[in-house]
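Visitor:
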Amino acid sequence: MQDVETLVEELAERDDAGLVVAACWYDVSGDRPGYLMSQLDVQNFLWLTLPQLLREPPDDLPAMPPWRDVVERAAWFFDQLDQPRYADICRGERTAEIIEAAGDEIGCFELYAHATLESGLMPPADMRVSWTDDPGPREMALFDAITRALERAIVAGELDPADEERRLGVAVAVLDQSPDGHHDTLGNLMFAERMEHWRDHCGSQTMRELLVRTTPDFTRPSGLDADLLMPAARPLGKVLGELGAGPAPLRELARRFGLLETVDGELRRTDDGDRALAHPVMIFEAMCTGLLDGPDRIARQAAAPLFAMLLLADEVDVDMMVDRIGVVLYELGWRSDARDEPMPADTVRAAVVDLLRDLETVGATQNGERLTPFGRELIHGAIRMRAMQGGSVE
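Next comes the structure, spelled out in structure tokens:
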């Protein structure tokens, strides 16, 4: 295999078609010396970037070269790197089909999306990670490691690209891997990056202070074990297993958490409910997301600062929490009747009281006065999940 950077230089000097391929490599490599593109990189260049360039040629080229010339230069590049699979993708019918549809922006994108999904290389949606448009270096490293792990498993015949459950297993295993030079895992490194970004861009000085004080707790590995999880998951599991069973507040939470729904007057489990019933960890994750993503907009903004304060306090002080959350909302731009003052305390109080009631319903607080050991783990999991989903709500 020839040196990749020497080949890129040769491409750039050959002609305009080679320059397009070289520019793609420079863009994807991100100044990483000797970078070898993954299959997803190749697909994204051929099926997404190249059609975009054909529709809107770059300013530094007098005219976009014929796409077949660009594709052939890319295939030559991968042949020289002893990567015949990638060269075959360049010369394949799927690539020709997508690029020939470049003039139809929507139709071309649909073909790209379908082909990418069919390849099985994108991280599974059930990872519950929101991959950002402007990722940090650790997010880029984790995303790349997941797609390459999926590629290796598919090429080796160990993974069906359509098998979502096994794809999830391959992807999740990457979270626990440690890159060279680090003792921590890829998952925890990305989480720390997300927490730092959330802290620096959350828009509220009060929330930043809460995140600074609680981040050491959130960045530790979860201590959740069966002794904590099973008793806490059992009541909600019964509501799912025996439809209509259990106390009314718990049944209502199951609806709000997206585990139950009413169809034609009949109470049914949702797909998420079926998955949660099969495994208590899924019930735990449903609690985490449900408590943070309730239907009330004020409650969604109040949940994270409330959770942080609960971790820092020995006992629940509703008045203090309401006042501080009111300040957080004010700093985020929420105003009372368009005046330059915090939102009405009673509005914030109602949201806080409802959240505390929900926490008590699922066993996260004892008599509404202090966190239980399970409650600490629930908040730990919820904040970690929020950070991995982008760290902000509206």
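Residue 356 in our numbering sits at position 363 of the sequence shown; the count goes up by one each step and never skips.
We put the CB at the ideal spot given by N, CA and C, even for glycine.
Source: prediction; values computed, not measured.
Determine, using beta carbons only, whether residue 294 comes closer than 8 Å to chain D.
Guide: In summary, chain D is missing from the structure at hand, where a single protein chain is found.
Visitor: Exposed or buried, what is residue 272 when buried is set at 16 or more other beta-carbons lying within 10 Å of its beta-carbon?
Guide: For the purposes of this step, residue 272 is taken as residue 279 along the sequence shown, with counting starting at 1. Sixteen is the threshold: since fewer than 16 other Cβ atoms of the shown chains lie within 10 Å of the Cβ of residue 272, the residue is exposed.
Visitor: Just to check my reading of the structure: residue 13 and residue 58 have Cβ atoms closer than 8 Å, yes? What is that Cβ distance to the nearest angstrom?
Guide: Working through the sequence shown from its first residue, we reach residue 13 at position 20. Working through the sequence shown from its first residue, we reach residue 58 at position 65. At roughly 7 Å, the Cβ-Cβ gap stays under 8 Å, so residue 13 and residue 58 are in contact.
Visitor: On a Cα-Cα basis, can you pick out the residue from 2, 172 and 289 that is closest to residue 131?
Guide: Position 138 of the sequence shown, counted from the start, is the residue given in the question as residue 131. For the set 2, 172 and 289, the Cα lying nearest the Cα of residue 131 is the one of 172.
Visitor: In three-state terms, what does DSSP make of residue 285?
Guide: Taking the sequence shown and counting its residues from 1, the one referred to as residue 285 is at position 292. Looking at residue 285 - three-state DSSP - the assignment turns out to be helix.
Visitor: Check this for me: beta carbons of residue 188 and residue 380, under 8 Å apart or not?
Guide: Position 195 of the sequence shown, counted from the first residue, corresponds to residue 188. Position 387 of the sequence shown, counted from the first residue, corresponds to residue 380. Taking 8 Å as the Cβ cut-off, residue 188 and residue 380 qualify as a contacting pair.
Visitor: My understanding is that residue 26 touches residue -2, with C-beta atoms under 8 Å, so please give their C-beta distance in whole angstroms.
Guide: Counting from one through the sequence shown, the residue named residue 26 turns up at place 33. Counting from one through the sequence shown, the residue named residue -2 turns up at place 5. So it is a contact: roughly 7 Å between Cβ atoms.
Visitor: Can you name, in chain order, every residue of its own chain whose Cβ lies under 8 Å from the Cβ of residue 91, other than the five neighbours on each side?
Guide: By one-based count along the sequence shown, residue 91 stands at place 98. The answer, listed in chain order, is 39, 40, 44, 101, 104, 105 and 108.
Visitor: In chain order, what residues of the same chain lie with their CB nearer than 6 Å to the CB of residue 301, ignoring the 5 residues before and after it?
Guide: What you label residue 301 is simply residue 308 of the sequence shown in a count that begins at 1. Answer for residue 301: 203 and 207, listed in chain order.
Visitor: Taking DSSP as the reference, what is the three-state secondary structure of residue 355?
Guide: Position 362 of the sequence shown, counted from the first residue, corresponds to residue 355. Reduced to three states, the DSSP call for residue 355 is coil.
Visitor: Helix, strand or coil for residue 178 per DSSP?
Guide: For the purposes of this step, residue 178 is taken as the residue at position 185 of the sequence shown. Three-state DSSP puts residue 178 in coil, outside helix and strand.
Visitor: If you check the beta carbons only, do residue 183 and residue 281 fall under 8 Å apart?
Guide: Taking the sequence shown and counting its residues from 1, one reaches residue 183 at position 190. Taking the sequence shown and counting its residues from 1, one reaches residue 281 at position 288. Between residue 183 and residue 281, the CB-CB gap reaches or exceeds 8 Å.
Visitor: Determine, using beta carbons only, whether residue 342 and residue 321 come nearer to each other than 8 Å.
Guide: Locating residue 342 in the sequence shown gives position 349, counting from the first residue. Locating residue 321 in the sequence shown gives position 328, counting from the first residue. No, the pair does not count as a contact, with Cβ atoms beyond the cut-off.
Visitor: Taking 8 Å as the threshold, find out whether the region 240 to 251 comes into contact with the region 281 to 292 through three or more Cβ pairs.
Guide: yes
Visitor: Considering only the beta carbon of each residue, do residue 373 and residue 136 sit closer than 8 Å?
Guide: The residue given as residue 373 occupies position 380 in the sequence shown. The residue given as residue 136 occupies position 143 in the sequence shown. In this structure, residue 136 does not lie closer than 8 Å to residue 373 by Cβ.
Visitor: Check for me: the beta strand (DSSP E) holding residue 259 runs from which residue to which?
Guide: Taking the first residue of the sequence shown as position 1, residue 259 is located at position 266. For residue 259, the enclosing beta strand (DSSP E) has its first and last residue at 259 to 262.
Visitor: Could you check what DSSP says for residue 386 in three-state terms: helix, strand or coil?
Guide: On the sequence shown, residue 386 is found 393 positions in, with the first residue counted as 1. For residue 386, the predicted structure reports a pLDDT of 44, less than 50, and the residue's modelled location is therefore unreliable. The matter cannot be settled from this model.
Visitor: My parser needs the beta strand (DSSP E) runs of 3 or more residues fully inside the region 122 to 190; what are they?
Guide: none
Visitor: For the putative contact between residue 370 and residue 361, defined by C-beta atoms under 8 Å, what is the C-beta separation to the nearest angstrom?
Guide: In the sequence shown, residue 370 corresponds to position 377, counting from 1. In the sequence shown, residue 361 corresponds to position 368, counting from 1. Your pair residue 370 and residue 361 does not check out as a contact, with CB atoms roughly 18 Å apart and the cut at 8 Å.
Visitor: Terminal residues of the continuous alpha helix (DSSP H) containing residue 46?
Guide: Here the question's residue 46 lines up with position 53 in the sequence shown. Here the alpha helix (DSSP H) through residue 46 covers 43 to 48.
Visitor: Please check the pair residue 355 and residue 246, which I expect to be a contact at CB under 8 Å, by giving their CB distance rounded to whole angstroms.
Guide: Taking the first residue of the sequence shown as 1, we reach residue 355 at position 362. Taking the first residue of the sequence shown as 1, we reach residue 246 at position 253. The pair is a contact, with the Cβ atoms about 7 Å apart (cut-off 8 Å).
Visitor: Count the other C-beta atoms from every protein chain shown that fall within 10 angstroms of the C-beta of residue 97, then say buried if there are 16 or more, exposed otherwise.
Guide: Indexing the sequence shown from 1 puts residue 97 at position 104. Per the 10 Å Cβ criterion, exposed.
Visitor: Can you list, in chain order, the residues of its chain whose CB lies under 6 Å from that of residue -5, leaving out five sequence neighbours each side?
Guide: For the purposes of this step, residue -5 is identified with residue 2 of the sequence shown, where counting begins at 1. Within the same chain, residue -5 has close Cβ partners 73.
Visitor: Classify residue 31 as helix, strand or coil using the three-state DSSP reduction.
Guide: Working through the sequence shown from its first residue, we reach residue 31 at position 38. Coil at residue 31, not helix or strand.
Visitor: Name the DSSP bridge partner or partners of residue 363?
Guide: Position 370 of the sequence shown, counting from 1, holds the residue named residue 363. Residue 363 is bridged to 359.
Visitor: Please list, in chain order, all residues of the same chain as residue 152 whose beta carbon is under 8 Å from its beta carbon, the five residues on each side excluded.
Guide: Along the sequence shown, one-based indexing puts residue 152 at 159. Around residue 152: 113, 143, 146, 159, 160 and 163.
Visitor: I need the straight-line Cα distance from residue 275 to residue 23, nearest angstrom please.
Guide: Position 282 of the sequence shown, counting from 1, holds the residue named residue 275. Position 30 of the sequence shown, counting from 1, holds the residue named residue 23. Approximately 37 Å, taken between the alpha carbons.
Visitor: Buried or exposed for residue 48, going by 16 or more other Cβ atoms inside 10 Å?
Guide: What you label residue 48 is simply residue 55 of the sequence shown in a count that begins at 1. Counting Cβ neighbours within 10 Å, residue 48 comes out exposed, since fewer than 16 surround it.
Visitor: DSSP on residue 334, reduced to helix/strand/coil?
Guide: The residue given as residue 334 occupies position 341 in the sequence shown. Coil at residue 334, not helix or strand.
Visitor: Is residue 253 helix, strand or coil when you go by DSSP?
Guide: Numbered from 1 along the sequence shown, position 260 holds the residue referred to as residue 253. DSSP places residue 253 in strand when its eight states are reduced to three.
Visitor: DSSP three-state call for residue 329: helix, strand or coil?
Guide: The residue given as residue 329 occupies position 336 in the sequence shown. Reduced to three states, the DSSP call for residue 329 is strand.
Visitor: Determine the contact status of residue 35 and residue 99, defining contact as a CB-CB distance below 8 Å.
Guide: Sequence index remark: in the sequence shown, residue 35 carries index 42 (1-based). Sequence index remark: in the sequence shown, residue 99 carries index 106 (1-based). With respect to the 8 Å criterion, residue 35 and residue 99 are not classified as neighbours on the basis of their beta carbons.
Visitor: Do residue 324 and residue 363 have their beta-carbon atoms positioned less than 8 Å apart in this structure?
Guide: Start at 1 with the first residue of the sequence shown, and residue 363 comes out as number 370. Start at 1 with the first residue of the sequence shown, and residue 324 comes out as number 331. Not in contact: residue 363 and residue 324 (Cβ atoms no closer than 8 Å).
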